[in-house]
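Comments concern the structure below.
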Amino acid sequence: MARSKQQARDKQGMNNPAAEKAVRAAEASDGVQDVIEEVKGVTPENVIEEEDGLSSEDEILEGDTLLEDEAIAAEEEPLAIEAAATDAVNDAEKIDAGKQNRLRRIVDSGRSAHREDPVKTYLREIGQYPLLTKEEEVELATSMERGNWVRAIRDATDAAERLSRVVLPKKGGVSILPEDKKAELEALVEAGKEAAVALGLAKQKSKVDIVGLLQKKGQELEQIDAQARASRDRLTISNLRLVVSIAKRYTNRGLSFLDLIQEGNMGLMKAVEKFDYKRGFKFSTYATWWIRQAITRAIADQSRTIRVPVHMIETVRDLKRIKREFIQQHGAAPTLEDLSEMMGMSIDRIKKVENVSSYTASLERPIGDEEEDTLCDFIEDTSSPSPTKETFRMFLKEQLNRALDQLDEREREILKLRYGLDDDHPRTLKDVSLKFNITRERVRQIEIKAIEKLKHPSRRTELKRFRELLLGED
């Protein structure tokens, strides 16, 4: 576009009004062209969602093609430059403000589509795989079973070869097992047991198939094993939607939706390993139990900051159910005695179960929409004094100091020590007598005399107000 503007200036000159209009048209169309180029790469799909409906990428481009063609025509056809420039400027004035903003919104919406919710991305990916028919499930399960036989045969062969390599020295015609070979032999025995169990199960399935597998070459056995792995993957992937449908029922229980899907997928893989097509039911019927078991187990183990045993969670669930039924029947919450009778537990046990049912929250958890405050900011600090009491204490101390200032120094100090007015630690008569080097009786006499002075009406009035406030609080 910059080159088009420069050529228009060179051909017509800057004093030509028609040329000026052409340059203005090219400048106006320059911003729109940038937006059009940006829209071209918004999304691999050719449909973009707008406020007023769905518009295709071609429709967006067609709406501004006229503007671009007019700028090119102004460059190549000098004789028609004035008419073309007039139309271009008129279109640019309409498009520049409204159209460019509209196109910008479309670009932004297309960019946000690339940052969509990971759950939607996952659902779109698993939706590409079709569901299996019962016949396809049987076919895949048969392939997996043959793969299990191949692995059992391979494990048994490996165990036999390793066992044959263990050489035992003989002493007096009797084989002696060295200590360094004992652990190795025990491992081989365990491997042999597992292989024997696998082979034993396989023999119960079909002796003819095992004989046929034993006669196959190693390469063919590898192909059977690879087909079994592919069948296992397909059976798993084709049932991922089943996990999502089950996980939806367990939301808002302490785990995110993606975590529920993750745990359910682990249960699905367990079901794939355990599935027996010869029982006659569909795989989804069998897998549902494994998926639910995996999800509920994960909720019990991971949803709480402090783990609670599964049996205790079941007790909490029963307690909540009984409370709910009691409220529906009687219109009031049950007492501890009612719960104890209905649950068949002691009251102390009911209290423990109720404590377990409460959840642990982080003190740093944000509160409010702006998330500027945390939960810790709203918890009362019972160890710190209240502002009201601190203010009352401050005024009382000031009034006491005014009253004590009317006593002589020794009387004032004796009262402060006896009642702990300075440090909240009252002293005994003996402690005060040692400090002033006088007898305890003399300390008592000075104390009584000082208190009588404070009882004078001129001093008692102010202190009496604080006494009334203290009695009012009690």
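Numbering of the sequence shown is given in the numbering used here, commencing with residue 28 and proceeding in unit increments.
Where a beta carbon is used, it is the ideal one built from N, C-alpha and C, also for glycine.
Fair warning: this is a prediction, and the values are worked out from it, not measured in the lab.
Can I441 and I473 be called in contact, C-beta distance under 8 Å?
Here residue 441 refers to the residue found at position 414 of the sequence shown. Here residue 473 refers to the residue found at position 446 of the sequence shown. If you check the CB distance, I441 and I473 come in under 8 Å.
Classify R487: buried if its beta carbon has 16 or more other beta carbons within 10 angstroms, exposed otherwise.
If you number the sequence shown from 1, residue 487 lands on position 460. By the neighbour-count definition (other C-beta atoms within 10 Å, threshold 16), R487 is an exposed residue.
Assess contact between the region 273-282 and the region 312-324, defined as three or more Cβ pairs (one per stretch) separated by less than 8 Å. Is contact present?
yes
Inter-residue spacing [alpha-carbon to alpha-carbon] between Q250 and T315:
Residue mapping note: residue 250 aligns to position 223 of the sequence shown, counting from 1. Residue mapping note: residue 315 aligns to position 288 of the sequence shown, counting from 1. Cα to Cα, the separation comes out at about 31 Å.
Check P484 in the structure and name its three-state DSSP category.
As a working mapping, residue 484 is identified with position 457 in the sequence shown. The three-state reading of DSSP puts P484 in helix, counting H, G and I together.
Pull the bridge partners of T401 from the DSSP assignment, please.
Position 374 of the sequence shown, counted from the start, is the residue given in the question as residue 401. Paired residue(s): P393.
Could you check where the alpha helix (DSSP H) with R429 kicks off and where it finishes?
Reading the sequence shown from its first residue, position 402 is the one you call residue 429. R429 -> alpha helix (DSSP H) spans P414 to L431.
Euclidean distance between Cα positions of V74 and E397
Your numbering for residue 74 matches position 47 in the sequence shown. Your numbering for residue 397 matches position 370 in the sequence shown. Any reading at V74 is ruled out, since the residue's pLDDT is 34, under 50, leaving its predicted position unreliable.
Given this structure, state the Cα-to-Cα distance separating S330 from R280, to the nearest angstrom.
To locate residue 330, count along the sequence shown from 1; it is residue 303. To locate residue 280, count along the sequence shown from 1; it is residue 253. Roughly 7 Å separates the two Cα atoms.
Using DSSP with H/G/I as helix, E/B as strand and the rest coil, what is I333?
Along the sequence shown, read from residue 1 onward, the residue named residue 333 stands at position 306. Coil.
V383 and V335 look like a contact to me (Cβ under 8 Å); what is the Cβ gap, rounded to whole Å?
To locate residue 383, count along the sequence shown from 1; it is residue 356. To locate residue 335, count along the sequence shown from 1; it is residue 308. That pair is a contact at about 6 Å.
Quick one, which of V177, K305 and T263 has its alpha-carbon nearest Q289's?
Taking the first residue of the sequence shown as position 1, residue 289 is located at position 262. Among V177, K305 and T263, the Cα nearest to that of Q289 belongs to T263.
Where do the N-terminal and C-terminal ends of the alpha helix (DSSP H) with K462 fall, by residue?
Taking the first residue of the sequence shown as 1, we reach residue 462 at position 435. Unbroken alpha helix (DSSP H) run through K462: L456 to F463.
Short check: CB of D170 to CB of S265, under 8 Å?
Here residue 170 corresponds to residue number 143 of the sequence shown, with the count starting at 1. Here residue 265 corresponds to residue number 238 of the sequence shown, with the count starting at 1. A small fix is needed here, since residue 170 is Ser in this sequence, not Asp. Contact: no.
In chain order, which continuous runs of the alpha helix (DSSP H) of length 4 or greater are located wholly inside the region 263-315?
Correct list: 267-274 and 284-301.
Rounded straight-line distance, which links the Cα of S413 to that of S436
Position 409 of the sequence shown, counted from the first residue, corresponds to residue 436. Position 386 of the sequence shown, counted from the first residue, corresponds to residue 413. In the sequence as displayed, the identity of residue 436 is Glu instead of Ser. Cα to Cα, E436 sits roughly 33 Å from S413.
With DSSP run on the structure shown, which of helix, strand or coil describes F493?
Counting from one through the sequence shown, the residue named residue 493 turns up at place 466. Helix at F493.
Is DSSP giving L363 helix, strand or coil here?
Walking along the sequence shown from the start, residue 363 turns up at place 336. In this structure, L363 counts as helix in the three-state DSSP scheme.
Closer than 7 Å by C-beta to F353: which residues in its own chain qualify, once you throw out the five before and the five after it? Chain order, please.
Mapped onto the sequence shown, residue 353 falls at position 326. Correct list, in chain order: P361 and D365.
Outcome for N516 when other beta-carbon atoms lying within 10 angstroms are tallied against a minimum of 16:
A question about residue 516 goes unanswered here, because the residues of the chain that appear run from 28 up to 501.
In this structure, does DSSP put T70 in helix, strand or coil?
In the sequence shown, counting from the first residue as 1, residue 70 sits at position 43. Below a pLDDT of 50, predicted positions are generally treated as unreliable, and T70, at 40, falls in that range; no measurement from the model is reported.
Give me the Cα-Cα distance between N525 and Y313, rounded to the nearest whole angstrom.
A question about residue 525 goes unanswered here, because the residues of the chain that appear run from 28 up to 501.
Using the C-alpha atoms, what's the distance from D375 back to Y386?
Residue mapping note: residue 386 aligns to position 359 of the sequence shown, counting from 1. Residue mapping note: residue 375 aligns to position 348 of the sequence shown, counting from 1. Y386 and D375 have their C-alpha atoms spaced approximately 20 Å apart.
Under a Cβ-count criterion, where at least 16 other Cβ atoms within 10 Å of its own Cβ denotes burial, should T148 be classed as buried or exposed?
In the sequence shown, counting from the first residue as 1, residue 148 sits at position 121. When all chains shown are included, T148 counts as exposed.
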